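According to our numbering, the sequence shown is numbered sequentially starting from 2. To start, the structure under review is shown below, and the notes come after it.
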Amino acid sequence: MNRSFWAAVAVRNALMNGDLDEAKRQADSLAREDFGGYPDDWQHWVSAMQTHAADIAVAGGLDDAGRSLALLATACGGCHLERNTGPATAELQRQGSQTWKDEDLTDRMKQHFWAENEMWFGLVTPSELGWRRGARGLAQTFLTAPDDHGEPVSEPVHEQLLEIRQLGEDASKAGSTEARAHVYGQLLAKCGTCHHQTAR
Ligand code: HEC
Ligand code: HEC
2 MNRSFWAAVA VRNALMNGDL DEAKRQADSL AREDFGGYPD DWQHWVSAMQ THAADIAVAG
62 GLDDAGRSLA LLATACGGCH LERNTGPATA ELQRQGSQTW KDEDLTDRMK QHFWAENEMW
122 FGLVTPSELG WRRGARGLAQ TFLTAPDDHG EPVSEPVHEQ LLEIRQLGED ASKAGSTEAR
182 AHVYGQLLAK CGTCHHQTAR
């Protein structure tokens with residue numbers, strides 16, 4: 002597949018880190034790329050992808066950018082579905098179900114990241130299994146406030162973690178591609194907002 006599509010993954014990573022400027026730069030490069038050599042019946046998806054990339058490039062905040070990236074991911078999935086190809090789901094399937102330790106914030110973050118990744122592939126592949134597993138993984142995170150350097154995290158941080166957990170429940174109930182994109186966009190914005198605030 003075209004290498005430049007990977008800019009979308011760079012956008013995703015930047016948004017997760019809360020780095021809107023970097024996300025915009027990467028999105029802009031994807032929006033400007035010339036895919037004119039592609040077959041006509043691919044152009045519909047390429048243009049959907051580029052429209053959402055262009056929206057990210059001018060996004061006013063992480064929420065807007067997250068929403069557009071989620072829609073972009075559904076354009077990836079649309080083309081794969083139509084061509085009956087795309088990322089192999091073997092990797093997703095091999096991992097099976099996970100058990101998590103939850104001794105501190107880092108453990109909680111590893112679980113978040115795993116779940117977010119499954120949901121991303123849920124949209125991009127698209128994979129029903131990936132989506133459901135990621136959603137369940139988030140919805141089943143522990144309710145307690147995790148420790149950070151030996152102390153429980155502050156109440157505002159804990160509240161944000163509970164909101165992430167709630168999005169896992171929303172994601173489990175989201176059946177349509179549109180509903181899933183909506184949840185995923187909110188999720189990514191929340192990861193990025195807190196990472197930006199905590200500068201980590
Ligand atoms: C216009 C159609 C189309 C769009 C849009 C598209 N893909 Fe693909 N993708 C393909 C095809 C066809 C393949 C099969 C392998 C190949 O031809 O290289 C593929 C394969 C893949 C693979 C597995 C093979 C590899 O290169 O590792 C990944 C991962 C992937 N796509 C990710 C994405 C992501 C992420 C996006 C959105 C940013 C996307 N694709 C958008 C058509 C598309
Ligand atoms: C309320 C704040 C908050 C939210 C929400 C949040 N994070 Fe984090 N994240 C942190 C902090 C603080 C750290 C640094 C913690 C540490 O020491 O590992 C971190 C670190 C990480 C790390 C690095 C962990 C490591 O191995 O060092 C990853 C990956 C991560 N977060 C993913 C996510 C994802 C994905 C989401 C959204 C689904 C998310 N985070 C949501 C606060 C948050």
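We put the CB at the ideal spot given by N, CA and C, even for glycine. For clarity, every value in this text was computed on a predicted model and none was experimentally measured.
(1) I need the residues with a C-beta less than 6 Å from some heavy atom of ligand 2; please give them in chain order.
(2) Put residue 160 into one of helix, strand or coil per three-state DSSP.
(3) Run the proximity test for residue 88: is its beta-carbon closer than 7 Å to any non-hydrogen atom belonging to ligand 3?
(4) If contacts are defined as beta-carbon pairs under 8 Å, then residue 196 and residue 18 qualify, I think. What distance do you get, rounded to the angstrom?
(5) State the Cα-Cα distance for the pair residue 104 and residue 151, rounded to the nearest angstrom.
(6) Between residue 152 and chain C, is there a C-beta pair that is closer than 8 Å?
(7) Mind checking which residues open and close the alpha helix (DSSP H) that includes residue 46?
(8) Restricting to Cα atoms, I'd like to know which of 114, 38, 56, 145 is closest to residue 193.
Result, derived from the coordinates:
(1) 17, 106, 107, 110, 111, 113, 114, 117, 158, 161, 162, 165, 188, 191, 192, 195, 196, 199, 201
(2) helix
(3) Questions concerning ligand 3 fall outside what the structure shown contains, since the ligands it does hold are ligand 1 and ligand 2.
(4) 5 Å
(5) 10 Å
(6) Absent from the structure: chain C. Only one protein chain is present.
(7) 41-58
(8) 114
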